[in-house]
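A.B. asks: Protein chains in written order, with our numbering: chain A, 1 to 224; chain B, 1001 to 1247.
Sending over a structure as structure tokens; questions will come in a sec.
Next up, the structure:
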């Protein structure tokens, strides 16, 4: 399948670039850790309170950490002309973009999911709630990467794009935040998280179908 | 049958807009005067809320307008992206500040109304929260337009953003609504208001029409300015009577 080959080529290339410069990934990761560490310092160490705010706090930190990485998604390729080659290539651009978005999630999203249990313990979350939190992050963080890619493509080459992309993308992240953090909260409250997971999954499918396409359109606008 | 495509060119739209602006300003002033008269003197004092409820005549039409304007912007954006017309980008850009204004007005009057009625400037109700998010969407749109130097690119990027936004607005609304029901706790029910007197409804409708006329007038004025700014070096602008006089 040439389309799949193109997808994996784009994915592999981005992962390789990241492996050559590991600090950038680690920066986002430590940003996540530091933000979640600062919160108890600002709010106070009462375990009851921390347990209550843990899902929301970790989701917001994950959201901010994803935003940090968005800038990198297209900017470097735009600067050195690779992006133009991708637009000109015979493979469909949306497939290449999907590969890049997957790479962004593997680099920025997946480590957060894996790191969540440690932070969860710091917030005194019970073990089963941590499992729910990890699952919600696992479904939710790809959604953040997909939606963020639209913003990153739209602001490509604009002035002050690093700040601008957060302004554009944050409102679009609200449903993900609500259902992601809500899943853990309602699980702790004894209501069950399956409804939240279904909605998160539905949003993910919707975004996976349309976001690469919208990102492609935005990239073409930015490069014309 | 009107040939719509004729007026999609700035050179023909500019004089048309010039003729329409005074009409809509007059309409806005007349309807606004009637609406304010109804809301202050005709509409009865509310049994429970006293005189303070009269802010509803500004608040509700402003909220309606803030939502309508976003839809209209999305409509122009779709038109612009499919037919590649210059005018649609200009109209989208001209509408955005007015939409943001109405969203802000609706939040502000809502706070003023909320304080005496529920004892709080702000509650995390689904409607309030989604109106605030709508305001953020307007701000994001304007920031994106301002950050891109090439006007054609800015138009197209803004068009795509407003389309993405309009798809997301219902999702955001329902997610916030559900979030709100999960956190019932201290929230206040806004929906259980007593049925409205007919005069109140008329007052609100008249005010809404006045806001419509105002929006059209202001958007057309802004669109005309944008046209002059962007097409300053073209033949038709050089031949405009106003421009000739000034030169």
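Using N, Cα and C, we set each Cβ at its ideal position, and we do this for glycine too.
Quick one, which residues of the segment 168-183 of chain A are near chain B if we go by CB-CB under 8 Å, in chain order?
C.D. replies: Listed by position along the chain: 168, 170, 171, 172, 174, 175, 178, 179, 182.
A.B. asks: Return the bridge partner residues of residue 1046 of chain B from the DSSP annotation.
C.D. replies: In the second chain, residue 1046 of chain B corresponds to position 46, counting from 1. Its beta-bridge partners are B:1050.
A.B. asks: Within 10 Å of its beta-carbon, does residue 225 of chain A have 16 or more other beta-carbons around it, so buried, or fewer, so exposed?
C.D. replies: Here chain A comprises residues numbered 1 to 224, so residue 225 of chain A is not present and cannot be evaluated.
A.B. asks: Measure the C-alpha to C-alpha separation of residue 1077 of chain B and residue 1092 of chain B and round it to an integer number of angstroms.
C.D. replies: Position 77 of the second chain, counted from the first residue, corresponds to residue 1077 of chain B. Position 92 of the second chain, counted from the first residue, corresponds to residue 1092 of chain B. Straight-line Cα distance between these residues: approximately 7 Å.
A.B. asks: Residue 224 of chain A touches chain B at which residues, Cβ-Cβ below 7 Å?
C.D. replies: Sequence index remark: in the first chain, residue 224 of chain A carries index 224 (1-based). Those are 1153, listed as they occur along chain B.
A.B. asks: In or out: residue 104 of chain A buried (at least 16 other Cβ within 10 Å) or exposed?
C.D. replies: Looking up residue 104 of chain A in the first chain gives position 104. It is buried - the Cβ of residue 104 of chain A has at least 16 other Cβ atoms within 10 Å.
A.B. asks: What separation, rounded to the nearest whole angstrom, lies between the Cα atoms of residue 29 of chain A and residue 112 of chain A?
C.D. replies: Looking up residue 29 of chain A in the first chain gives position 29. Looking up residue 112 of chain A in the first chain gives position 112. In a straight line, the C-alpha of residue 29 of chain A is about 7 Å away from that of residue 112 of chain A.
A.B. asks: Could you give the uninterrupted runs of the alpha helix (DSSP H) lying entirely in the segment 59-133 of chain A, keeping only those of 4 residues or more?
C.D. replies: The qualifying runs are 82-88, 93-104, 110-122.
A.B. asks: Taking 9 Å as the CB-CB cut-off, is residue 1168 of chain B touching chain D?
C.D. replies: Of the protein chains in this structure, namely A and B, none is chain D.
A.B. asks: Tell me the DSSP secondary structure of residue 51 of chain A in three-state form.
C.D. replies: Position 51 of the first chain, counting from 1, holds the residue named residue 51 of chain A. DSSP places residue 51 of chain A in helix when its eight states are reduced to three.
A.B. asks: List, in order along the chain, the chain A residues whose C-beta lies closer than 7 Å to that of residue 1175 of chain B?
C.D. replies: Taking the first residue of the second chain as 1, we reach residue 1175 of chain B at position 175. Correct list: 174, 175, 178, 179.
A.B. asks: Determine the direct distance from the alpha carbon of residue 1009 of chain B to that of residue 1086 of chain B, and round the result to whole angstroms.
C.D. replies: Working through the second chain from its first residue, we reach residue 1086 of chain B at position 86. Working through the second chain from its first residue, we reach residue 1009 of chain B at position 9. Straight-line Cα distance between these residues: approximately 7 Å.
A.B. asks: In chain B, what lies closer than 9 Å to residue 160 of chain A by C-beta?
C.D. replies: Your numbering for residue 160 of chain A matches position 160 in the first chain. By Cβ distance, chain B contributes 1143, 1147.
A.B. asks: How long is the line joining the alpha carbons of residue 1209 of chain B and residue 137 of chain A, rounded to whole angstroms?
C.D. replies: As a working mapping, residue 1209 of chain B is identified with position 209 in the second chain. As a working mapping, residue 137 of chain A is identified with position 137 in the first chain. Looking at the two C-alpha atoms, the distance is approximately 46 Å.
A.B. asks: Do you know how far the Cα of residue 1124 of chain B is from the Cα of residue 1185 of chain B?
C.D. replies: Residue 1185 of chain B sits at position 185 when you count from the first residue of the second chain. Residue 1124 of chain B sits at position 124 when you count from the first residue of the second chain. Low per-residue confidence applies at residue 1185 of chain B: pLDDT is 47, beneath 50, and the placement is therefore not dependable enough to give any value.
A.B. asks: Going residue by residue through the segment 1098-1129 of chain B, where are the continuous beta strand (DSSP E) segments of at least 3 residues, counting only ones entirely within it?
C.D. replies: DSSP runs (the beta strand (DSSP E)) wholly in the segment 1098-1129 of chain B: none.
A.B. asks: Indicate whether residue 1107 of chain B and residue 1131 of chain B have their beta-carbon atoms separated by less than 9 Å.
C.D. replies: Numbered from 1 along the second chain, position 107 holds the residue referred to as residue 1107 of chain B. Numbered from 1 along the second chain, position 131 holds the residue referred to as residue 1131 of chain B. In this structure, residue 1131 of chain B lies closer than 9 Å to residue 1107 of chain B by Cβ.
A.B. asks: Give me the Cβ distance between residue 157 of chain A and residue 222 of chain A, rounded to the nearest whole Å; I'm assuming they're in contact under 8 Å.
C.D. replies: Taking the first residue of the first chain as position 1, residue 157 of chain A is located at position 157. Taking the first residue of the first chain as position 1, residue 222 of chain A is located at position 222. At roughly 6 Å, the Cβ-Cβ gap stays under 8 Å, so residue 157 of chain A and residue 222 of chain A are in contact.
A.B. asks: For residue 196 of chain A, does the count of other Cβ atoms within 10 angstroms reach 16, so buried, or fall short, so exposed?
C.D. replies: Position 196 of the first chain, counted from the first residue, corresponds to residue 196 of chain A. When all chains shown are included, residue 196 of chain A counts as buried.
A.B. asks: Is the CB-CB distance between residue 225 of chain A and residue 169 of chain A below 9 Å?
C.D. replies: The structure shown does not extend to residue 225 of chain A, since chain A is modelled only from 1 through 224, so no value can be given for it.
A.B. asks: I need the boundaries of the alpha helix (DSSP H) containing residue 201 of chain A, first residue and last residue.
C.D. replies: Residue mapping note: residue 201 of chain A aligns to position 201 of the first chain, counting from 1. Residue 201 of chain A -> alpha helix (DSSP H) spans 194-223.
A.B. asks: Mind checking if residue 1055 of chain B is an interface residue toward chain A, Cβ cutoff 9 Å exclusive?
C.D. replies: Numbered from 1 along the second chain, position 55 holds the residue referred to as residue 1055 of chain B. No, no contact with chain A.
A.B. asks: Could you have a look at residue 1155 of chain B and say whether DSSP puts it in helix, strand or coil?
C.D. replies: Start at 1 with the first residue of the second chain, and residue 1155 of chain B comes out as number 155. Residue 1155 of chain B falls in the helix class under three-state DSSP.
A.B. asks: So for residue 5 of chain A, helix, strand or coil by DSSP?
C.D. replies: Taking the first residue of the first chain as position 1, residue 5 of chain A is located at position 5. Here residue 5 of chain A sits in helix by DSSP.
A.B. asks: Out of A:68, A:207, A:164, which has the shortest C-alpha to C-alpha gap to residue 35 of chain A?
C.D. replies: Working through the first chain from its first residue, we reach residue 35 of chain A at position 35. Selected option, being the one with the closest Cα: A:68.
A.B. asks: Cβ of residue 1230 of chain B less than 9 Å from any chain A Cβ?
C.D. replies: For the purposes of this step, residue 1230 of chain B is identified with residue 230 of the second chain, where counting begins at 1. Not an interface residue.
A.B. asks: For residue 123 of chain A and residue 1172 of chain B, I'd like the C-alpha separation in whole angstroms.
C.D. replies: The residue labelled residue 123 of chain A in the question sits at position 123 within the first chain. The residue labelled residue 1172 of chain B in the question sits at position 172 within the second chain. Going by the C-alpha atoms only, they are around 28 Å apart.
A.B. asks: For residue 1005 of chain B, which residues from the same chain have a beta carbon less than 6 Å from its beta carbon, with the 5 sequence-adjacent residues on both sides left out?
C.D. replies: As a position in the second chain, residue 1005 of chain B is number 5, starting the count at 1. Same-chain partners within the cutoff: there are none.
A.B. asks: Write down the C-beta distance between residue 1203 of chain B and residue 1116 of chain B rounded to the nearest angstrom, noting that I regard them as a contact closer than 8 Å.
C.D. replies: As a first step, residue 1203 of chain B must be located in the second chain, where it is residue number 203. As a first step, residue 1116 of chain B must be located in the second chain, where it is residue number 116. The Cβ separation is near 20 Å, so there is no contact.
A.B. asks: Taking a cut of 9 Å between CB atoms, which residues from the segment 1061-1084 of chain B lie near chain A?
C.D. replies: Listed by position along the chain: 1081.
A.B. asks: On the three-pair Cβ rule with 8 Å, is the segment 1218-1225 of chain B touching the segment 1008-1027 of chain B?
C.D. replies: Yes, they touch.
A.B. asks: Below 7 Å on C-beta distance, what does residue 164 of chain A contact in chain B?
C.D. replies: Position 164 of the first chain holds residue 164 of chain A. The contacting residues are 1143, 1144, 1147.
A.B. asks: Less than 6 Å between C-beta atoms, sequence neighbours within five positions excluded: which residues of the same chain meet that for residue 1042 of chain B?
C.D. replies: Here residue 1042 of chain B corresponds to residue number 42 of the second chain, with the count starting at 1. Only 1199 meet the Cβ criterion.
A.B. asks: In chain B, which residues lie less than 9 Å from residue 155 of chain A when you measure between Cβ atoms?
C.D. replies: Taking the first residue of the first chain as position 1, residue 155 of chain A is located at position 155. The answer, in chain order, is 1144, 1147, 1148, 1157.
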